[in-house]
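Novice:
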Amino acid sequence: MDWDDFAKWSKDIADWGAQYHKTLRDRPVRAQSKPGAIAAQLPAHPPAEPEDMAAILKDFEEIVMPGMTHWQHPRFFAYFPANATPPSMLAEQLVNTVAAQCMLWQTSPAATEVEGVMVDWLRQAMGLPEPYTGVIQDSASSATLSAVLTMRERATGYSGNREGLAGKGPLRIYCSDQVHSSIDRACWVAGIGQDNLVKLPGTGPRYGLDAGALDRAIRADIAAGYTPAGVIAITGGTGVGASDDLGPILEVARAHDLYTHLDAAWAGSAMICPEIRAEYWQGVAGYDSIVFNPHKWLGAQFDCSVQFLRDATAQLNTLKIEPEYLKTTGAAVTNYSEWTIPLGRRFRALKLWFLIRAYGLEGLQARIRNHVTWAQALCEAIRGLDGFEIVTEPILSLFSFRCPGDDYTQQRLVDAINDDGRIYLTQGAFEGRKIIRVQVGQFETTRDDVMMVRAVVQDIWEQIK
Ligand SMILES: *Cc1c(COP(=O)(O)O)cnc(C)c1O
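Position in the sequence shown counted from 1, then plus 371, gives you our numbering.
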């Protein structure tokens, strides 16, 4: 394919994209295909001869598209959102086209410098004080792993990377039982071990970690010969939005000289609204590491996870490695690959730059406020359905409910709703029972889209009960 062909196909694909988005409401939200159905339509062996782009795109439309779940659909209320706004998509087209590796300042100075400024714009937008700097990672899972490795190295006097962990008494990390599985996995991979991730029950109206219980657990561990290494707090847990009372937890962690990480992967985007910060983020300003995903609620498409660091030194001491071929000469510069586990890195800051400029902070805040308000209105509407129960009240734009009947009936209702296709919901578990989750966060959703959930739930319930 030459570059003139590239330009033609690229324009065709842009037209296709606009049409796709304009007609998205008419498609079922969750893919309706059966397992194996897509693979069965692909040849078992790679082609030996080149194929025509027209044929490839035709197959894309006919084979691939029916097997896609539409995350940009305005009635996507499952999991968490994965918003890809038009300006962010345009930025990604440019990034794809230039296709630079942005691991060092000199391998693309603009990528490094725009990243530094975007992290700082977001720092200000989220009300974090000046010492915070940060880095853009691919995912919250990677940022959390970086933080857990930093906890490990800090607690072992930065000897783990060099000597391994043998002979270093079990390290302990503390969190509530509402944390995301990425925290468990970070502890596996970092050599801490699942058994040394101490999960305390989430309590109170937001299912948060209890600071007194945390302090007692740390003291008991020290007495038993363990080495506490860090505390992981959450704002907006995946299941039901559990949010820790940040100030008191930080105080306990600091009293024991522990490194602190805050997982706000989903809910962090809402902290661009000052009134939401006042409600959820009191005491945030001392956490050593804070992660949030603009690729969820803010409108920057995957991948884009911002990790703020109060002082980057500990993470750099943990992850920085400088073989001869990566050394650069001249003035001191930031080389972001030293802050993270992968070496190669995409120019992720460009889509933040496009996004924030195209909507302005006020445009982004307005959407988040609407989502929160509409989720509350929908929650009240579902509470009014005969025999239905709200299990967890809205935390930001996330709540959960149950229909009459046992766990099996909840799953039957969820499956029937998703087979119907007008909306998409997913199930979760809370206090040993199956729940049906609703989150509102799709960028283009309207109040009518949100309120339609009640009608669809009632309609499908009448059919299956
Ligand atoms: C989505 C989510 C994660 C994982 O995010 P990735 O970027 O997919 O790794 C972690 N924690 C919470 C609370 C989340 O909502």
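Cβ coordinates follow ideal geometry from the N, Cα and C atoms, glycine included. Note that the coordinates shown come from a computational prediction; the quantities given were computed from them, not determined experimentally.
Would you mind reading off the limits of the alpha helix (DSSP H) that contains Leu465?
Specialist: Taking the sequence shown and counting its residues from 1, one reaches residue 465 at position 94. Counting along the chain, the alpha helix (DSSP H) containing Leu465 begins and ends at Pro457 to Val469.
Novice: Report the rounded CA-to-CA distance for Trp710 versus Arg577, giving the unit in angstroms.
Specialist: Here the question's residue 710 lines up with position 339 in the sequence shown. Here the question's residue 577 lines up with position 206 in the sequence shown. For Trp710 and Arg577, the distance between alpha carbons rounds to 33 Å.
Novice: Do the segment 673–688 and the segment 763–777 touch if we need at least three Cβ pairs shorter than 8 Å?
Specialist: At 8 Å Cβ cutoff, the stretches do not touch.
Novice: Looking at Val809: is its Cβ nearer than 9 Å to the Cβ of Leu796?
Specialist: Indexing the sequence shown from 1 puts residue 809 at position 438. Indexing the sequence shown from 1 puts residue 796 at position 425. Yes, they are a contact pair.
Novice: At a threshold of 8 Å, does Ser771 count as lining ligand 1 (C-beta to nearest heavy atom)?
Specialist: To locate residue 771, count along the sequence shown from 1; it is residue 400. No, the beta carbon of Ser771 sits no closer than 8 Å to any heavy atom of ligand 1.
Novice: Under 8 Å: do the segment 818–828 and the segment 743–757 share three or more Cβ pairs, one atom per stretch?
Specialist: Because the criterion of three Cβ pairs below 8 Å is met, the segment 818–828 and the segment 743–757 touch.
Novice: Taking Leu465 as the reference, which of Ser381, Phe663, Lys429 and Arg728 has the closest Cα?
Specialist: As a working mapping, residue 465 is identified with position 94 in the sequence shown. Answer by Cα proximity: Ser381.
Novice: If you drop the 5 nearest sequence neighbours on each side, which residues of the same chain put their C-beta closer than 8 Å to that of Ile761?
Specialist: Counting from 1 along the sequence shown, the entry for residue 761 is found at position 390. Only Cys750, Ile753, Arg754, Phe770, Ser771 and Phe772 meet the Cβ criterion.
Novice: Whether or not the segment 628–639 and the segment 654–664 are in contact is what I'm after, with contact meaning three or more pairs of Cβ atoms, one per stretch, closer than 8 Å; do they touch?
Specialist: Yes: at least three Cβ pairs fall under 8 Å.
Novice: State the DSSP-derived secondary structure class of Pro765, mapped to helix, strand or coil.
Specialist: As a first step, residue 765 is located in the sequence shown; it is residue number 394 there, counting from the start. Three-state result, Pro765: strand.
Novice: What number of angstroms, rounded off, separates the C-alpha of Trp668 from the C-alpha of Gln508?
Specialist: Along the sequence shown, one-based indexing puts residue 668 at 297. Along the sequence shown, one-based indexing puts residue 508 at 137. Each residue's Cα considered, the two are about 16 Å apart.
Novice: With DSSP run on the structure shown, which of helix, strand or coil describes Ile712?
Specialist: Looking up residue 712 in the sequence shown gives position 341. The answer is coil: DSSP assigns Ile712 none of H, G, I, E or B.
Novice: Hey, Gly573 and Asp592 are a contact pair by Cβ (cut 8 Å); roughly how many whole angstroms apart?
Specialist: Locating residue 573 in the sequence shown gives position 202, where the first residue counts as 1. Locating residue 592 in the sequence shown gives position 221, where the first residue counts as 1. About 19 Å; that fails the 8 Å criterion.
Novice: Could you tell me which of Gly734, Ile835, Gly792 and Ile794 sits nearest to Arg783, measuring between CA atoms?
Specialist: Indexing the sequence shown from 1 puts residue 783 at position 412. Minimum Cα distance to Arg783 is reached at Ile835.
Novice: Do Leu723 and Pro665 have their C-beta atoms closer together than 9 Å?
Specialist: Counted from its first residue, the sequence shown places residue 723 at position 352. Counted from its first residue, the sequence shown places residue 665 at position 294. It is a contact, given that the beta carbons lie within the stated cut-off.
Novice: DSSP has Pro599 in a bridge; who is on the other side?
Specialist: Residue numbering aside, residue 599 sits at position 228 when the sequence shown is read from its first letter. DSSP output for Pro599 lists Arg543 as bridge partner(s).
Novice: Given 8 Å as the limit, tell me if Ala635 has its C-beta closer than that to any heavy atom belonging to ligand 1.
Specialist: Within the sequence shown, residue 635 is the residue found at index 264, counting from 1. Yes; taking the cut-off as 8 Å, the Cβ of Ala635 has a heavy atom of ligand 1 nearer than that.
Novice: Taking the alpha carbon of Ile902 as the point to measure from, which residue in Gly654, Gly487, Met372 and Pro480 has its own alpha carbon closest?
Specialist: Outside the shown range of the chain (372 to 836) lies residue 902, about which nothing can therefore be said.
Novice: Straight-line CA distance for Tyr529 to Thr689?
Specialist: Along the sequence shown, one-based indexing puts residue 529 at 158. Along the sequence shown, one-based indexing puts residue 689 at 318. Rounded to whole angstroms, Tyr529 to Thr689 spans 7 Å at the Cα level.
Novice: Please report the straight-line C-alpha distance between Thr609 and Arg525, rounded to a whole angstrom.
Specialist: Position 238 of the sequence shown, counted from the first residue, corresponds to residue 609. Position 154 of the sequence shown, counted from the first residue, corresponds to residue 525. Each residue's alpha carbon lies about 28 Å from the other.
Novice: Evaluate the contact criterion for the segment 476–485 versus the segment 392–400: three or more CB pairs, one atom per stretch, below 8 Å.
Specialist: The segment 476–485, when compared against the segment 392–400, does not touch it at the 8 Å Cβ threshold.
Novice: Among all the DSSP beta bridges, which residues are the ones paired with Gln678?
Specialist: The sequence position of residue 678 within the sequence shown is 307, counting from 1. For Gln678, which the question treats as bridged, DSSP gives the partners Val506 and Val662.
Novice: Flag this pair as yes or no: are the beta carbons of Thr763 and Gly612 separated by less than 9 Å?
Specialist: Taking the first residue of the sequence shown as position 1, residue 763 is located at position 392. Taking the first residue of the sequence shown as position 1, residue 612 is located at position 241. In this structure, Gly612 lies closer than 9 Å to Thr763 by Cβ.
Novice: Given a cut-off of 9 Å on the beta-carbon distance, is the pair Ala641 and Gly607 in contact?
Specialist: As a first step, residue 641 is located in the sequence shown; it is residue number 270 there, counting from the start. As a first step, residue 607 is located in the sequence shown; it is residue number 236 there, counting from the start. Yes; because the gap between Cβ atoms is below 9 Å, this pair is in contact.
Novice: Please determine, among His551, Tyr779 and Asp615, the residue with the shortest C-alpha to C-alpha distance to Thr515.
Specialist: The count along the sequence shown starts at 1 and reaches residue 515 at position 144. Nearest option by C-alpha distance: His551.
Novice: Please tell me whether, using a cut-off of 8 Å, the distance from the CB of Ala511 to the nearest non-hydrogen atom of ligand 1 is below it.
Specialist: Translated into positions along the sequence shown, residue 511 becomes position 140. The answer is yes for Ala511.
Novice: With distances taken Cα to Cα, identify the nearest neighbour of Asp757 among Ile727, Glu833 and Met823.
Specialist: Your numbering for residue 757 matches position 386 in the sequence shown. Among Ile727, Glu833 and Met823, the Cα nearest to that of Asp757 is on Glu833.
Novice: Below 8 Å, can you find three or more Cβ-Cβ pairs linking the segment 488–496 to the segment 594–602?
Specialist: Contact between the segment 488–496 and the segment 594–602 is absent, because fewer than three Cβ pairs lie under 8 Å.
Novice: Quick one, which of Lys691, Thr468, Ile544 and Trp637 has its alpha-carbon nearest Asn706's?
Specialist: Counting from one through the sequence shown, the residue named residue 706 turns up at place 335. Selected option, being the one with the closest Cα: Lys691.
Novice: Is any non-hydrogen atom of ligand 1 found closer than 8 Å to the C-beta of Phe679, if you look at the structure I gave you?
Specialist: Along the sequence shown, one-based indexing puts residue 679 at 308. No, Cβ of Phe679 sits at least 8 Å from all heavy atoms of ligand 1.
Novice: For Gly701, count neighbouring Cβ atoms within 10 angstroms of its own Cβ and tell me buried if that reaches 16, exposed if not.
Specialist: In the sequence shown, counting from the first residue as 1, residue 701 sits at position 330. Burial call: exposed.
Novice: Where in the segment 387–452 do unbroken runs of the alpha helix (DSSP H), each at least 4 residues long, occur, reported from the N-terminal end onward?
Specialist: Fully enclosed alpha helix (DSSP H) runs of 4 or longer: 424–430.
Novice: Out of Gln686, Thr468 and Asp628, which one is the CA nearest neighbour of Arg590?
Specialist: For this step, residue 590 is matched to residue 219 along the sequence shown. Answer by Cα proximity: Asp628.
Novice: What are the start and end residues of the alpha helix (DSSP H) that includes Ala649?
Specialist: The residue given as residue 649 occupies position 278 in the sequence shown. Segment Pro645 to Tyr651, the alpha helix (DSSP H) holding Ala649.
Novice: For Met372, count the other beta carbons within 10 Å of its own beta carbon; 16 or more makes it buried, fewer makes it exposed. Which is it?
Specialist: Working through the sequence shown from its first residue, we reach residue 372 at position 1. Exposed.
Novice: Verify the contact flag: Thr705, CB atom, against every heavy atom of ligand 1, threshold strictly below 8 Å.
Specialist: Counting from one through the sequence shown, the residue named residue 705 turns up at place 334. Not so, every heavy atom of ligand 1 lies at least 8 Å from the Cβ.
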